[in-house]
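*Asks:*
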Amino acid sequence: SKGGYPHFMIKEIYEQPQAVRDTYEGNVEDPALGRVSSAILSANKVIVVAAGTSYHAGLVFSSLLARRAGILAHTIISSELPYLVDSIDGGDLVIAVSQSGETYDTLEAVRKAKERGAAVVGVTNVLGSALDRESQLRLYTRAGPEIGVAATKTFLSQVMLLELLSIRAGEASGRLRPSEANELLRALREVPQVLANTLEASDPVATALSKGLSGSAYILGRGLGAAIAREGALKVKEIAYVHAEAYPAGESKHGPIALVERGFPVFIVATSDAREVAGNAVEMAARGARVYVVKPADLGLELEGRESITRIDMPPSSGVLELEPFILTPLFQLLSYRVAVSRGYNPDKPRNLAKTVTVE
Ligand code: M6R
């Protein structure tokens, strides 16, 4: 049941504090995280495969794993893995991320990697799913069932779980001191509250922005912000039917900026690993773009003299990068939802889409 909400999507957006709490509590002490960390450290290559929103959680993971453990994980879209599979062998570890555990492309990627001898870790929300059965090591998000086609609470639950994993791997690698790891874990324990505050701050902004969103938009970020931007653009396309393109902000000058003219909407997702996005915001504003910088309130950015840039301040992150996906993602979930509802689209069942894609 929708528990008093008009749609599953909005119910599930508001269930995120609980979903991330359950995922944190269900995993923080789980020895499985330690086993997967050891497998990461001893692997020749770490390859993350996933589709759609789960792919974006994989991008968040590779950003944080690099930072905390000094390890490069290659995050690859499941349906592209077959074209790279010749590079995989028995020394490699494949981490497959799928909330349903039933996505055809991800299962195929896993099967092909297994044929090459790679070990597989399955990260799912569904115990006993096909991916779960195919995997040698298993990790679970605890988001509860997600009915809306849009992945919302499963995304932030994947982020929570993969952040716990990157912290454990950081500790195991010796890059993070135990005291630093504990500090990050303490920060993650506060995520349910941070997320509740974020939802409260985001919803009125999303409603206001939803009126002016049409045509096309860019959503840009660097580092962790690039991953969050991609997830934002997917939500806006699939639920609001507005064309949104995400790419790393540094790429702007290499072509995309040609499209920017007066009034073109550009969202900048600013994270504390990448204050350089301020420069991209200023560049876009100089071309007349309607620029919105979405950022943790306490993230200082050099945007002076650009009154045309709208700053959207979300709750503070105290510079803890791990908190920022939770602070910056909900605005885009709510924006896509508010646009859909105001235009009479069904956010729970967007056209042409199935919740789980079990075909090639
Ligand atoms: O069940 P999975 O996580 O494997 O699903 C992957 C994608 O099909 C899924 O995330 C899809 O992109 C959602 N509609 C996004 O909201």
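If you count the sequence shown from 1, you need to add 254 to reach the UniProt record's numbering.
From the three backbone atoms N, C-alpha and C, an ideal C-beta is built for every residue, glycine too.
Computed from a predicted structure; not experimentally measured.
Using the Cα positions of residue 428 and residue 419, report the straight-line distance between them to the nearest angstrom.
*Replies:* By one-based count along the sequence shown, residue 428 stands at place 174. By one-based count along the sequence shown, residue 419 stands at place 165. Looking at the two C-alpha atoms, the distance is approximately 14 Å.
*Asks:* What are the start and end residues of each continuous alpha helix (DSSP H) run of 4 or more residues lying completely inside the UniProt domain "SIS" (459-604), in chain order?
*Replies:* Listed in chain order, they are 478-494, 531-540, 578-582 and 584-596.
*Asks:* Should the segment 351-360 be called in touch with the segment 296-305, which here means at least 3 C-beta pairs below 8 Å?
*Replies:* Taking 8 Å as the limit for Cβ pairs, the verdict is that the segment 296-305 does touch the segment 351-360.
*Asks:* Based on the DSSP output, what are the partners of residue 376 in its beta bridges?
*Replies:* As a position in the sequence shown, residue 376 is number 122, starting the count at 1. DSSP output for residue 376 lists 350 and 392 as bridge partner(s).
*Asks:* Taking 7 Å as the cut-off, is the C-beta of residue 492 nearer than that to any heavy atom in the ligand M6R?
*Replies:* Counting from 1 along the sequence shown, the entry for residue 492 is found at position 238. True, at least one ligand heavy atom lies under 7 Å from that Cβ.
*Asks:* How many whole angstroms separate the CB atoms of residue 493 and residue 358, which I take to be in contact at a CB cut-off of 8 Å?
*Replies:* Within the sequence shown, the letter at position 239 stands for residue 493. Within the sequence shown, the letter at position 104 stands for residue 358. Residue 493 to residue 358, Cβ: 22 Å. No contact.
*Asks:* Would you kindly work out how many angstroms separate the C-alpha atoms of residue 558 and residue 382, rounded to a whole number?
*Replies:* To locate residue 558, count along the sequence shown from 1; it is residue 304. To locate residue 382, count along the sequence shown from 1; it is residue 128. Rounded to the nearest angstrom, the two C-alpha atoms are 53 Å apart.
*Asks:* Taking Cβ to Cβ, would you say residue 452 is nearer than 8 Å to residue 263?
*Replies:* Counted from its first residue, the sequence shown places residue 452 at position 198. Counted from its first residue, the sequence shown places residue 263 at position 9. Not closer than 8 Å, so no.
*Asks:* Only counting runs of 3 or more residues, tell me where the beta strand (DSSP E) segments fall wholly within the segment 299-330, in order along the chain.
*Replies:* Those beta strand (DSSP E) runs which fall completely within the segment 299-330 and span 3+ residues are 300-304.
*Asks:* Pick from 360, 468 and 542: whose alpha carbon is nearest that of residue 497?
*Replies:* Numbered from its first residue, the sequence shown carries residue 497 at position 243. Ranking 360, 468 and 542 by Cα distance to residue 497 puts 468 first.
*Asks:* Does DSSP put residue 363 in a helix, in a strand, or in coil?
*Replies:* Taking the first residue of the sequence shown as 1, we reach residue 363 at position 109. Of the three classes helix, strand and coil, the one that applies to residue 363 here is helix, per DSSP.
*Asks:* For residue 595, count the other beta carbons within 10 Å of its own beta carbon; 16 or more makes it buried, fewer makes it exposed. Which is it?
*Replies:* The sequence position of residue 595 within the sequence shown is 341, counting from 1. With 16 or more other Cβ atoms within 10 Å, it is buried.
*Asks:* Can you give the Cα-Cα distance for residue 574 and residue 438, rounded to whole angstroms?
*Replies:* For the purposes of this step, residue 574 is taken as residue 320 along the sequence shown, with counting starting at 1. For the purposes of this step, residue 438 is taken as residue 184 along the sequence shown, with counting starting at 1. C-alpha separation (whole angstroms): 8 Å.
*Asks:* Give the secondary structure of residue 606 by DSSP, where H, G and I count as helix, E and B as strand, and everything else as coil.
*Replies:* In the sequence shown, residue 606 corresponds to position 352, counting from 1. Looking at residue 606 - three-state DSSP - the assignment turns out to be coil, as it is neither helix nor strand.
*Asks:* I'd like to know if the segment 327-339 and the segment 281-290 are in contact, where contact means that at least 3 CB-CB pairs between them fall below 8 Å.
*Replies:* Segments in contact, no.
*Asks:* If you count every other CB in all the chains shown that lies within 10 Å of the CB of residue 608, and 16 or more means buried, which is it?
*Replies:* Looking up residue 608 in the sequence shown gives position 354. So residue 608 ends up on the exposed side.
*Asks:* Confirm the yes/no value for this check: CB of residue 353, any heavy atom of the ligand M6R, distance under 7 Å.
*Replies:* Mapped onto the sequence shown, residue 353 falls at position 99. Because some heavy atom of the ligand M6R lies under 7 Å away, the Cβ of residue 353 counts as near it: yes.
*Asks:* Below 8 Å CB to CB, which residues in the same chain sit around residue 375 once its five sequence neighbours on both sides are set aside?
*Replies:* Translated into the one-based positions of the sequence shown, residue 375 becomes position 121. Result list for residue 375: 290, 293, 347, 348, 349, 350, 389, 390, 391, 392 and 393, in chain order.
*Asks:* Using CA coordinates, which residue listed in 542, 297 and 368 is at the minimum distance from residue 619?
*Replies:* Nothing can be reported for residue 619: it is not among the residues displayed for the chain, which extend from 255 to 614.
*Asks:* Can you list, in chain order, the residues of its chain whose CB lies under 6 Å from that of residue 500, leaving out five sequence neighbours each side?
*Replies:* By one-based count along the sequence shown, residue 500 stands at place 246. Excluding positions up to five away in sequence, the list reads 473, 483, 484 and 487.
*Asks:* Could you have a look at residue 397 and say whether DSSP puts it in helix, strand or coil?
*Replies:* Counted from its first residue, the sequence shown places residue 397 at position 143. Reduced to three states, the DSSP call for residue 397 is coil.
*Asks:* Helix, strand or coil: which one does DSSP assign to residue 297?
*Replies:* Counting from one through the sequence shown, the residue named residue 297 turns up at place 43. Coil, per DSSP.
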